[in-house]
Amino acid sequence: MSEIAVSALNGEEASGLVTLREMGLQGMVTLRADLSKAASAVKKVTGAAMPDRRAISAGKAASVAWMSPDEVMILCDHARADAIVAELAEALTGQHHLAVNVSDARAMFSLSGEAGVLKDVLAKITPADMAALGPGEMRRTRLQQAAGAIWLESETEARVICFRSVARYVFDLLAISARDGGAVGYH
Amino acid sequence: MSTRLADGGRLIDRTRKVEFTFNGKRFSGHPGDTLASALMANGQRIVGRSFKYHRPRGIVASGAEEPNALVNLGQGARHEPNQRATTTELFDGLAASSQNHWPSLEWDIGEVNAAIARFLPAGFYYKTFIHPRAFWKHVFEPFIRQSAGLGKAPDPKHTDPDRYEQFYVHVDLVVAGGGIAGLQAALEAGRAGARVLVCEQTAHWGGRAPVDGVEIDGKPAGDWIAAAVSELEAMENVHLRPRTMVAGVYDHGYVLAYERVSDHAPQDGVPRHRLWRIRTGQVISAIGAIERPLSFAGNDKPGVMLASAVRDYLVEYGVSPGDRTVVVTNNDDAYRTAIAIRRAGLDVPCIVDARPTADGPLPQEARALGIPVKTGTAIAGVKGIRGVVAVQLCKQAGEGAVTEDVICEAVAMSGGWSPAVHLWSHCGGKLTWDEAGAFFRPDPDRPPTNQSGEGFVVCAGASDGALHAGEVIKNASAAVSKALTTLGKKTAGNPPKATAPDEAALAPVWMMPQGAGIKKRAKMWLDFQNDVKVSDVQLAAREGYESVEHTKRYTTLGMATDQGKLSNINGLAILADTLNAPIPQVGTTTFRPPFTPISMGAIAGEARGEVFQPLRRTPLHARHEDAGAEWEPVGQWRRPYCFPKPGESKRDAVNREITATRSSVGLLDASTLGKILVKGPDAGRFMDMLYTNMMSTLKPGRCRYGLMCSENGFLMDDGVVARLDEDTFLCHTTTGGADRIHAHMEDWLQCEWWDWQVYTANVTEQWVQIGVVGPKAREVLASLGGDMDLSKDALPFMAWAEGKLGAFDARVFRISFSGELSFEVAVPASQGLAFWDALMAAGEPHGITPYGTEALHVMRAEKGFIMIGDETDGTVIPQDLGLHWAISKKKDDYLGKRAQERPHMTDPERWQLVGLETLDGSVLPDGAYAIAEGENANGQRNTQGRVTSTYFSPTLGRGIAMGLVLHGPDRMGEVLEFARTARDPDSNLRTVEARIVSPVFYDPDGEKQNV
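Written out as structure tokens, the structure is:
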């Protein structure tokens, strides 16, 4: 499939205060269900525990991020998403749920750099409390005028996701915020 | 003449020079100077002209409250008017020019206004509207327009080249103000473990304590300040931010602060300003107090300054206002200025004190230095045309008979101090009048409250009315204790002791002398920038503008760029006196953010150019761009309107696209249309409530066109629903409806039917959806290969199927918006580009033609299909559009059903959908009304119909239109007259005739889509 499938910005990069990179094809599955009832199915399919509010839990096959009281997002390899949907359908037979492959509906970016600088760059575009954000939490927020979500893979690496249609806007926003000369020195 | 002294100047670096220009002339100053201190050091006495009378203006203040020293800064694309010289840090190469004069600052033709000042009192502008009537438009307005405004507006052809950004933080406490009160509050809060942000608008910490000779714990204030800053810098939980002004306090602890990142050291690529958007638990407003001018005749002449400003220039910048400075006051604090002047080796001919006695420690110290103190004395007038040359003295108790002249170059005036209560007031904090101090102070019982009803702003120090140094730190300690208690934290207290000489009471002096006649009162300035005098406020009161808000607007007092900082209190005191009312009864006008002006750039932040707004692009955007698309905004999406070939007009492109599609095959990017999954045991029941149609009977593998109405019965969206399986529906919505309809669904599921088992998911962006449309459509798709049977039997009209088309994962819907053989193919968005390319290649032998939204619109109109937003406008119901077939009679209920039973909805007089064909084949004007006999109660011609969609149809070779007409379907063949608009090229013909016809102009039996 690789010749005919491309991500929103095809791995585009920019550098400045931090390094920005569009992360290519990523797998995402939206699961809506009674989260406590679906926990064992999710564990079976992903290896990850059902996350608490705003948490991301990691498993062997995928990570699971809490999106709302009745929704999680499963992050996996792009090629595995359909299979995960099918396995969930199997494991949740008889349980009211909705699982759908949404891998192509979003764009994902990585930002890497010094911990404080990384948070400063992000704090230019999200009203979420960056000082309080630590690894293991997915924060749904807005990125200036677009909806998005942020989490920290580590203190020095962040991930940002947004809808595919605004990938160019969000990439440009991140690149502008990271442009040299704009250090804030806050976080 | 003002001048630089040989030594002194805490803030300047005398070892280095900085070069700048003012009105093209070259001057020099020192690092640490403001433009104001440097201009004064160079003897520049006149720095601008006042707004109305064009009177020469000199520097009055030393900080952001400055009303006069407004300059143009920068040139070309960086030109910015109305910059305050007092807050402009000097840098090498700074270029400034004065404002509001022609031909020059020194010789200004606008001075003629001052000569006819008698005819230009407050409110004159409003009177030009009254009489003579005609003069307003042709005589007064052009002249006033020409002379309006202070600075020169930036040239519209320039774009601001500087970089701006915003920054979001969450803290427990914002401390506004870096003087000793703010520093003490920050120390205690920091030690208590709170997250603290301290904002100081200047580049320096400590405020005016060092200038005023305050001692803290027995040592000069400067020592304590340095230690405090060190301790704060070392605290991880405290962040100090100089050059950052707290601009506004808003609901729920939202605070804006304005950081001037590089105004003092401009550099390409470094942001010029940064807007801090802060969410905080509490705010300490420690922004000090603002000194009041005294209202005496001639108080606006260059050389008359605030007493505190005079000593600021002396101590901070080593600049003298003049060899001889008369100090005029109603309080003890101004004596500090006289003492500082003498200590600098300059002359104070006398101190003019309006009070009957002045025996406090400071007046005693002044006398000990040999300065004559004249109590019970006032200034009757100021001599000098371009600036002060002398003052005339009189008795304060009298009406101004001159007792003596005193030669001087400067006058240092003080009418007392007003606590700066702006940040307290922005979000609803109320004030109380302090009779003894003659000022408004924050009323601690009526603070601005947050979402929990708790006060969230506490004032500290002079801002709270604690004007004396000895009270300031104590007050700040109590304030931060209160703020932190609300946050659930405790401060340790134990503040240091600040000492300063005691001060006797001030005497309120709102006019000097107290019995001055009209001639003097017409020369007592309240608002230096807008030229409002004591006589103007009294005139406003006499003309009936008794409310302080009315007086403000009528006289323009406080409406200039300084937002009334020096004029507010003096003005309302005059008003109170004229109305014979106590000052607290008159009250203040509303304090509104920003505290001082902030740049538009900071408010816009990064949002300009490419990131002005989040344009939504489909995955095929680049292909459309390369194909020369003319773009149309559809919400934030950009969709191709048409694809003109080089040299082709838009109209010709649209016609070509339609003809090519109907005769062979066309390609449409339909990716923007909403796609919403609805799944669950109750999905069918839910769908039946949302749509007018019976959706639960739709079989897996089939599609049904559905209508969605609001609860009020109005048609709000339409689209094709596909049944994916027993439990799952896929709803298509209009482009603009995707997010809205998803929200509508979730609203009903979460708030009303929360026990129904239904989940929804908005999957609009997961798939690229392409319409392959026209007689050759099946051939083109089949030529891709794959495993799908696209024949008429396997995939009939209104069915769907999935499988492989070539290498692509496809879901194919046989639906048609054009009336042609039509397949809408959905592939995962990541495959969209490659799929489009494959279709273009496969369709090449058939002349496959990408088409845009306009061709789409025309083709559906040729078939009489409605368009949400054209045939609907929020007042139209399906029954108006002949869509009775889509409304299920079998359902007990659906959203809108009951609403559609109301008398207004079942009224047979409601206009109904028809087609319209002009008799001459022309295109009817959009939105045109069909006229009827007679006039309505408003004297407007009666109407009987309107055009909802109108196009040129290349298929039929004539104009076609759809419209809503009274009894339309019963009047087939009748001719109506439609009114032309003034913009119509044939408007002189008044009306155009059109016949009522069926809205299905083309292929009425629907044969073409059913092959």
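So the protein sequences, as listed, match chains R and G. Numbering of the first sequence is given in numbering that gives the first Met the number 0, commencing with residue 0 and proceeding in unit increments. Numbering of the second sequence is given in numbering that gives the first Met the number 0, commencing with residue 0 and proceeding in unit increments. Here a beta-carbon is modelled for each residue, glycine too, at the ideal position from N, C-alpha and C.
Helix, strand or coil: which one does DSSP assign to A146 (chain R)?
Strand.
Kindly indicate the opening and closing residues of the beta strand (DSSP E) around M715 (chain G).
Taken as a continuous stretch (DSSP letters only), the beta strand (DSSP E) holding M715 (chain G) covers L714 to D724.
In chain order, which beta strand (DSSP E) runs of at least 3 residues are fully inside the stretch 630-704 of chain G?
Qualifying beta strand (DSSP E) stretches, in chain order: 636-641, 665-668 and 673-678.
Could you check if D6 (chain G) is buried or exposed, using at least 16 other CB atoms within 10 Å of its CB as the buried criterion?
The residue in question, D6 (chain G), is exposed, as its Cβ has fewer than 16 Cβ neighbours within 10 Å.
Residues bridged to W275 (chain G) by DSSP?
Paired residue(s): G:F166 and G:A256.
Under 6 Å Cβ to Cβ from E12 (chain R), same chain only, skipping five residues before and after it: list those, please.
Closer than 6 Å at Cβ, skipping near neighbours: R20.
Is the CB-CB distance between L69 (chain G) and T560 (chain G) below 8 Å?
It is a contact, given that the beta carbons lie within the stated cut-off.
Between the beta-carbon of S111 (chain R) and the beta-carbon of P134 (chain R), is there less than 8 Å?
No, these two residues do not count as a Cβ contact at 8 Å.
Quick one: which chain G residues come within Cβ less than 9 Å of K123 (chain R)?
Chain G residues near K123 (chain R): E164, Q165, F166, Y167, R273, G604 and E605.
Cα-Cα, which of G:E853, G:G805 and G:D576 is closest to R650 (chain G)?
Ranking G:E853, G:G805 and G:D576 by Cα distance to R650 (chain G) puts G:E853 first.
Using a Cβ-Cβ cut-off of less than 8 Å, give me the residues of the stretch 125-138 of chain R that come near chain G, in sequence order.
Answer in chain order: T125, P126, A127, D128, M129, A130 and A131.
Pull the bridge partners of P911 (chain G) from the DSSP assignment, please.
Contrary to the premise, residue 911 (chain G) reads as Gln rather than Pro in this sequence. In the DSSP output, where bridge partners are listed per residue, Q911 (chain G) has G:V964.
Would you say R366 (chain G) and A506 (chain G) are within 8 Å of each other, going by their C-beta atoms?
The answer is no: Cβ separation not under 8 Å.
So what does DSSP say about T336 (chain G), is it helix, strand or coil?
The answer is helix: DSSP assigns T336 (chain G) an H, G or I state.
How big is the Cα-Cα spacing for L571 (chain G) and P219 (chain G)?
Distance between the alpha carbons of L571 (chain G) and P219 (chain G): 38 Å.
Fully enclosed by the stretch 178-210 of chain G, which beta strand (DSSP E) runs are 3 residues long or longer?
Listed in chain order, the complete beta strand (DSSP E) runs (minimum 3 residues) inside the stretch 178-210 of chain G are 195-198.
I'd like to confirm something about E751 (chain G): is its beta-carbon nearer than 7 Å to some heavy atom of the ligand GTP, or not?
Looking for the ligand GTP in the displayed structure turns up nothing, as the structure carries no ligands at all.
Closer than 7 Å by C-beta to W835 (chain G): which residues in its own chain qualify, once you throw out the five before and the five after it? Chain order, please.
Same-chain partners within the cutoff: L619, R622 and I769.
H743 (chain G) CB to nearest chain R CB: under 8 Å?
Answer no: the Cβ-Cβ gap between H743 (chain G) and chain R never drops below 8 Å.
Sort G:R323, G:D267, G:T498 and G:I995 by Cα distance to D159 (chain G) and report the nearest one.
Of the candidates G:R323, G:D267, G:T498 and G:I995, the one whose C-alpha sits nearest the C-alpha of D159 (chain G) is G:D267.
Beta-carbon separation of K674 (chain G) and H731 (chain G) under 8 Å?
Closer than 8 Å, so yes.
What is the rounded straight-line gap between the Cα of M0 (chain R) and the Cα of I83 (chain R)?
Its pLDDT being 48, under 50, M0 (chain R) is placed unreliably in this model, and the coordinates cannot settle the point.
Taking C-beta pairs closer than 9 Å, name the residues in chain G that R79 (chain R) reaches, listed in chain order.
Within chain G, no residue comes near R79 (chain R); the closest Cβ sits about 14 Å away, beyond 9 Å.
Could you compute how far the alpha carbon of A798 (chain G) sits from the alpha carbon of A7 (chain R)?
Going by the C-alpha atoms only, they are around 31 Å apart.
Check E900 (chain G) in the structure and name its three-state DSSP category.
The answer is helix: DSSP assigns E900 (chain G) an H, G or I state.
Based on the DSSP secondary-structure assignment, which residues constitute the bridge partners of Y249 (chain G)?
In DSSP, Y249 (chain G) forms a bridge with G:Y253.
Identify each residue in the stretch 84-99 of chain R for which the Cβ-Cβ distance to at least one residue of chain G is less than 8 Å, and report them in chain order.
So the close ones are H95, H96, L97 and V99.
Hey, I740 (chain G) and D716 (chain G) are a contact pair by Cβ (cut 8 Å); roughly how many whole angstroms apart?
At roughly 5 Å, the Cβ-Cβ gap stays under 8 Å, so I740 (chain G) and D716 (chain G) are in contact.
Which same chain residues end up closer than 7 Å to A841 (chain G) when comparing Cβ atoms and leaving out the 5 residues on each side of it in sequence?
Cβ neighbours of A841 (chain G) beyond the five flanking positions: V779, S782 and L783.
Among G:V585, G:V174 and G:R162, which residue has its Cα nearest to the Cα of G181 (chain R)?
Ranking G:V585, G:V174 and G:R162 by Cα distance to G181 (chain R) puts G:R162 first.
Taking only beta-carbon positions, decide if T29 (chain R) is within less than 8 Å of chain G.
True, the Cβ-Cβ gap to chain G drops below 8 Å.
For P219 (chain G), which of helix, strand or coil comes out of DSSP?
If DSSP states are grouped into helix, strand and coil, P219 (chain G) belongs with the strands.
Is it buried or exposed, M961 (chain G), if we count other Cβ atoms within 10 angstroms and call 16 or more buried?
Buried, because 16 or more other Cβ atoms sit within 10 Å of the Cβ of M961 (chain G).
How about Q143 (chain R): is its C-beta nearer than 8 Å to some C-beta of chain G?
It does: the Cβ of Q143 (chain R) has a partner Cβ on chain G nearer than 8 Å.
If we count the other Cβ atoms within 10 Å of its Cβ and call it buried at 16 or more, is K519 (chain G) buried or exposed?
Under this definition K519 (chain G) is a buried residue.
Can you pull the DSSP bridge partners for R323 (chain G)?
G:D346, per the DSSP bridge assignment.
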